[in-house]
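Numbering (full-length UniProt numbering), first residue to last: 1 to 254.
C-beta atoms are modelled at their ideal positions from N, C-alpha and C, and glycine is treated no differently.
These figures come from a predicted structure and were not determined experimentally.
One structure is given below, encoded as structure tokens.
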């Protein structure tokens, strides 16, 4: 069953077309990665899905409900690259705050529920620390725990690991993949990193800054346990070639 259907969607900033007739269906429970170079419209598409931006043509359907200018979408929660934590609140209270706001829980119930998601994201032991006392990876775990705690149908992630070192990024990718496999939510993840897109995605959606549209929709059916396997590396090379080809207006069919 499709939870999101995007039909001929276009977006214009001033005189600049950012998306040009995008079509994309996303099934409930899928983990979709949106991959492309800067300026391809991947973050714009993410924001349109979440209702954070309007669009200028086409239709977006979310759980069957049709929108033609801007989604009024309360099914989505977004995880940002910059964490967006409340600096004056502890780790526990950052997550509890979201539960009180979104679910109407009282403080005791919210803090009790928040601990479950801190455990899920390996943050127990850090619940009384403030954001200034956490590493970048720990801050992103708090941001993820906060988003998951409200049990969204759709989780939107806009390059959440791009500012982290390689070791921390790989570790968080592995944790996020395990979490996604244990939940029923749909994940839409923006990245410019090919390896990350393959590792996380059940499908990789590739956008072109030249065409302002999707140039490939690749189901990922390989073993992801070894990133240096021949199968994984061949797919990385294939996608890299495709991205380069379309960046310079060449044609390549994958």
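Comparing alpha-carbon positions, the option among 22, 41 and 9 lying closest to residue 190 turns out to be 41.
Here DSSP, grouped into helix, strand and coil, assigns residue 90 to coil.
Excluding residues up to 5 positions away in sequence, 31 and 187 lie with their Cβ nearer than 6 Å to the Cβ of residue 180 in the same chain. With 16 or more other Cβ atoms inside 10 Å of its own Cβ, residue 199 counts as buried. One Cα belongs to residue 23, the other to residue 61, and the distance between them is close to 11 Å. Nearest in C-alpha terms to residue 168, of all of 228, 150, 139 and 184, is 139. Distance from residue 207 to residue 34 at the Cβ level is roughly 7 Å; contact confirmed, criterion being Cβ atoms closer than 8 Å. Taking every protein chain shown into account, the CB of residue 173 has 16 or more other CB atoms within 10 angstroms, so this residue is buried.
Looking only at 94, 135 and 108, the smallest Cα-Cα distance to residue 118 is reached by 94. Residue 125 counts as exposed, since fewer than 16 other C-beta atoms from the protein chains shown sit within 10 angstroms of its C-beta.
The shortest CA-to-CA distance from residue 83 to any of 159, 63 and 55 is the one to 159. Excluding sequence positions up to five before and after residue 57, its CB lies within less than 6 Å of the CB of 10, all in the same chain and listed in chain order. In the displayed model, residue 31 falls within a strand according to three-state DSSP.
Per DSSP, residue 96 has no beta bridge partner at all.
The residue from 143, 220 and 28 with its alpha-carbon nearest to that of residue 64 is 28. For residue 72, same chain residues with a beta-carbon under 7 Å away, outside a window of 5 residues either side, are 51 in chain order.
Taking C-alpha positions only, residue 165 is separated from residue 220 by approximately 25 Å. Here residue 15 is exposed: its Cβ has fewer than 16 other Cβ atoms, across all protein chains shown, within 10 Å. For residue 209, no pairing in a beta bridge is given by DSSP.
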